[in-house]
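Written as structure tokens, this is what we have:
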């Protein structure tokens, strides 16, 4: 299964992107007018052809025109087969939802709805925290201020208590009443969080949401329901477009999206899939997931989706003009980039590090090519599926590319479409205040276990599987034995542990080496060309000629342990425990520290422990989780956890608590003398360009 995106510029051969590429998300980046939105709409058209439902957030009205047929003559003229148009409109059910408005299909949010009953406890707490965060921000509090932190804690404590007690919150007015008269069990805790007058202020702001235009967002139309968005009972592929222009303020849009993201997060936990089952597309994401310290209502949930959605078969598609306006941790999760025209040096400089981390070998070529791209021309980097940069022109859309005003939306709504969603409105009214009984699982236990392991992406015990799936452990063990026999699942033990762990065979875990989950990798940011330039100044010879030359360069990974540990600190007569992180070579056990121009692997420690600088002290170093099988030539781990713990205790006197493997990319540059027979090797960290020195070992 693949998406036909267009044709290569050189030979006009078709450019296709496999559906499974969306497990690691797609980002379209380029200046205004470069064609980002057209590219993303092409992806949506192709998703329908591949039977993939989608939820689309349309802030400006550019995407809603997916409901309209394009001109057949124009489509043929630009080389797109008319069969694609026929297939799209035969398969698609394009529904345009309008928050707080009846111009399309009216839709509302219930931010106070609790997670489904069978959601795991930790995830439920996280969802409740998202609710408190978005609601506090929506009420106008600065989450970085003391007042904002107090208001959030106050709301979270109430919401969590009601959730534990099995109670419901009817609406914002009901919530305001509870804020003023909280349950007696938690009043002691609550009054330690805010000033005496603050509950009255919180309640007053909540009541503002129950009158006038703001109330429509919570009352008009069907409520957000991901099962409704995924409904294929009519045999169509759902294309759900949330038309945000009907909301009156940026704050309303932020809050609506935050609630939608939370609902999607809770839904995906209950509906894991190995295959891509849904695309979630936001056109221009910069306002919703900006870098620190900005923290708008959707940011927490959106960042979580970037990190975890791929485990559950949800692919994120996004577009933006300015990459520096987006949280870098979210960007680190994207593996397919489509880069459009960029004219200014500032724009090109902004994407330089991203391009270098994806394809350091061709980064310079890509950067030079960006200014010359025409509208609709893109450079695609998708290293899991293409060895080279793909230079292509997006195919002509089979839908009409227009920006729709609210008055234009009625032409997109058929009577059949309205009837399809009216049934949900009736159902929601019927169950408004009744708890929904959890549905019984329909899949066989073996299939449920396989899906759970696919989303867990780590070695899991039979007890843990039974607890999460709410079934007897004996039944789980019997099903696991059958899965192990068919080699779908493998089992093994961490050293000195009596408990078996289970994982999907395709993950390639090695419990004996403590590899029982995804491994954190540091992205490559230094190209081979840049690494060679840095080494050139270290070669023997002067400004007018070097006596040595680089004759070979190779990129590989060094495994290092990141160890969390506690140490005692003394101040006057008091002792205090402090948590710290330490990095150690998984080959030699050397403790690692950062200097300005080098990474030192210490064979002998002379620095005091509090003087050590490590990888956490460099903002350019980020971590991306990958399965062992996704890392080319996974390095051998020489020292196991128990040896690392002992060495850290003896060397620094700290008490290790936990550890995980990190893969550091390294350029190995081989140097030889032009006249003599001497050779030597220089190692450069491929993330920051520091020289490696000290007691380390390459494979």
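Residue numbers (the working numbering): 174 to 872.
Yeah, the Cβ is synthetic: ideal placement off N, Cα and C, and Gly gets one too.
Same chain, Cβ closer than 7 Å to residue i, five either side skipped, listed in chain order
i: residue 474; result: 303, 431, 434, 435, 438
i: residue 644; result: 618
i: residue 853; result: 844
i: residue 824; result: 764, 778
Beta-carbon proximity check, residue i vs residue j, cutoff 8 Å
i: residue 729; j: residue 806; result: yes
i: residue 309; j: residue 301; result: no
i: residue 798; j: residue 759; result: no
i: residue 558; j: residue 190; result: yes
i: residue 515; j: residue 204; result: yes
i: residue 132; j: residue 410; result: Nothing about residue 132 can be reported from this structure: the residues present for the chain run from 174 to 872 only.
i: residue 582; j: residue 273; result: no
i: residue 847; j: residue 691; result: no
i: residue 666; j: residue 684; result: yes
i: residue 377; j: residue 346; result: no
i: residue 918; j: residue 708; result: An answer regarding residue 918 cannot be provided, because it is not within the stretch 174 to 872 covered by the chain.
i: residue 517; j: residue 242; result: no
i: residue 700; j: residue 537; result: yes
i: residue 134; j: residue 673; result: Within the shown structure, residues of the chain are numbered from 174 to 872, placing residue 134 beyond reach of any answer.
i: residue 863; j: residue 786; result: no
i: residue 833; j: residue 677; result: no
i: residue 695; j: residue 522; result: no
i: residue 742; j: residue 752; result: no
Identity of the residues DSSP links to residue i by a beta bridge
i: residue 336; result: Note: residue 336 sits in no beta bridge, so no partner.
i: residue 775; result: 764
i: residue 279; result: 271
i: residue 116; result: Residue 116 lies beyond the range of the chain shown here (174 to 872); nothing can be said about it.
i: residue 752; result: 739
i: residue 511; result: 201, 553
i: residue 693; result: 798, 835
i: residue 286; result: Partner(s): none; residue 286 has no beta bridge.
i: residue 396; result: 281
i: residue 415; result: 230, 270
i: residue 845; result: 722, 852
i: residue 757; result: 734, 764
Residue closest to residue i, alpha-carbon to alpha-carbon, out of the options
i: residue 560; options: 509, 460, 862, 870; result: 509
i: residue 750; options: 768, 829, 823, 640; result: 829
i: residue 289; options: 341, 507, 787; result: 341
i: residue 457; options: 276, 490, 798, 445; result: 490
i: residue 277; options: 769, 417, 827, 465; result: 417
i: residue 234; options: 580, 464, 319; result: 580
i: residue 283; options: 470, 396, 690, 660; result: 396
i: residue 224; options: 350, 179, 210, 264; result: 264
i: residue 359; options: 376, 370, 344, 338; result: 338
i: residue 566; options: 208, 863, 781; result: 208
i: residue 448; options: 836, 194, 837; result: 194
i: residue 597; options: 404, 657, 330, 568; result: 404
i: residue 401; options: 343, 593, 645, 636; result: 593
i: residue 704; options: 620, 857, 675; result: 857
i: residue 504; options: 796, 372, 772; result: 796
i: residue 791; options: 842, 780, 772; result: 772
i: residue 682; options: 423, 633, 574; result: 633
i: residue 713; options: 658, 849, 624, 838; result: 849
i: residue 669; options: 327, 821, 719, 814; result: 814
i: residue 595; options: 219, 197, 245, 275; result: 275
i: residue 450; options: 296, 221, 549, 623; result: 221
i: residue 262; options: 219, 271, 232; result: 219
i: residue 248; options: 735, 658, 568; result: 568
i: residue 662; options: 836, 623, 296, 804; result: 623
6 Å Cβ shell around residue i - same chain, five flanking residues per side excluded
i: residue 610; result: Bear in mind that the predicted position of residue 610 carries a pLDDT of just 47, short of 50, making it too unreliable to give a figure here.
i: residue 585; result: 240, 269
i: residue 394; result: 279, 280, 281
i: residue 229; result: 236, 414, 454
i: residue 366; result: 323, 326, 327
Same chain, Cβ closer than 8 Å to residue i, neighbours up to 5 away in sequence not counted
i: residue 774; result: 758, 761, 763, 764, 765, 865, 866, 867, 868, 869
i: residue 873; result: Outside the displayed range of the chain (174 to 872) lies residue 873, so it cannot be described from this structure.
i: residue 314; result: 320, 321, 324, 325
i: residue 612; result: Note that residue 612 scores a pLDDT of 49, beneath 50, so its modelled location is shaky; the value from the coordinates is reported in the next line. Around residue 612: no qualifying Cβ.
i: residue 534; result: 700, 701
Any non-hydrogen atom of the ligand NAP closer than 7 Å to residue i Cβ
i: residue 821; result: The model on display carries no ligand, and the ligand NAP is accordingly not part of it.
message = Check whether the stretch 477 to 497 and the stretch 623 to 637 are in contact - that is, three or more C-beta pairs closer than 8 Å.
response = yes
task = Tell me, please, whether the stretch 591 to 601 touches the stretch 239 to 254 by the rule of three or more beta-carbon pairs shorter than 8 Å.
result = no
query = Counting Cβ pairs, one atom from each stretch, are 3 or more of them under 8 Å apart for the stretch 194 to 209 and the stretch 588 to 599?
reply = no
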